[in-house]
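Written below as structure tokens is the structure these notes are about.
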Amino acid sequence: MIDLNKLYQYKKSFGFFSHQLIYPEKLNFHPREFEGVFSPEHPAYEAVNQYWKDMHEISLSEIQEVYTHTFDFEQKTTLYMTFVKFQDKKERGQMLARLKVLYEMFGLEMPSSELSDFLPLMCEFIYAADWRDDDRAEESMNLVLMVIEDGTYNLLQSLEAISSPYYNLVLAIRETCKACLKEGVETHA
């Protein structure tokens, strides 16, 4: 089960993750994006700090090329969290519908051009939605984190196999999610 207080504590982290997982623009790499969000005590500090350093060693056009090649042309590194598991099976459609209803229930209007399992959208939901004092929050956020944890498991392995600079960002997402679980809850390795 999820610790909603911890998740709330790391809300800004999910905003950062969301911004880093959309098509790269210069503003995404401004120091203010990182500063004030991650301290050395953050459970994902080491991974996210390495990601930040790696990205600042290459040009914006190189980052854009890596992003496009990694996330737009490779099925194994898709940012759609239910795709690898379900592909085009009806279970995926059901999960997409559940997530869409969940977002709308908390006031997030879904972009018509996007699917509800898009990782940047899921991170943005955790960051932007007003779920803190809602009776439905625990069950709902549990579902969101479960989909993220499940989808990023294979994504992380695929990014590691191609030595992607996005590996550490996805690792940071997983470590942040793991830190939001109550003691004794198992996750993928």
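Each residue of the sequence shown is one higher than the one before, starting from 17 at the first, in the working numbering.
Each residue gets a CB set at the ideal place from its N, CA and C atoms; glycine is no exception.
C-beta contact flag for residue i and residue j at 8 Å
| i | j | result |
| --- | --- | --- |
| THR98 | GLY31 | no |
| ASN184 | ALA63 | yes |
| PRO136 | LEU37 | yes |
| ILE207 | MET126 | The displayed coordinates of the chain run from 17 to 205. Any statement about residue 207 would go beyond what the structure contains. |
| SER132 | LEU112 | yes |
| LEU159 | LEU124 | no |
| HIS35 | GLU49 | yes |
| PHE134 | TYR96 | yes |
| LEU172 | VAL186 | yes |
Distance between beta carbons of residue j and residue i, contact taken as under 8 Å
| i | j | result |
| --- | --- | --- |
| LEU76 | LYS42 | 6 Å |
| THR192 | PRO59 | 6 Å |
| TYR26 | TYR83 | The Cβ separation is near 24 Å, so there is no contact. |
| PHE87 | THR94 | 7 Å |
| TYR67 | ALA188 | 6 Å |
| LYS22 | VAL53 | The pair is not a contact, with the Cβ atoms about 15 Å apart (cut-off 8 Å). |
| PHE33 | CYS139 | 4 Å |
| ASP104 | PRO181 | Between PRO181 and ASP104 the Cβ distance is about 30 Å, and since that is not below 8 Å, they are no contact. |
| ARG190 | GLU165 | 7 Å |
Beta-bridge partners of residue i, as assigned by DSSP
| i | result |
| --- | --- |
| PHE134 | TYR96 |
| ILE18 | LEU197 |
Cβ contact check for the region 177-186 and the region 146-154: 3 or more pairs under 8 Å: no
Alpha helix (DSSP H) runs contained entirely in the region 47-125, provided each spans 4 or more residues: 47-50, 61-71, 76-83, 99-102 and 106-121
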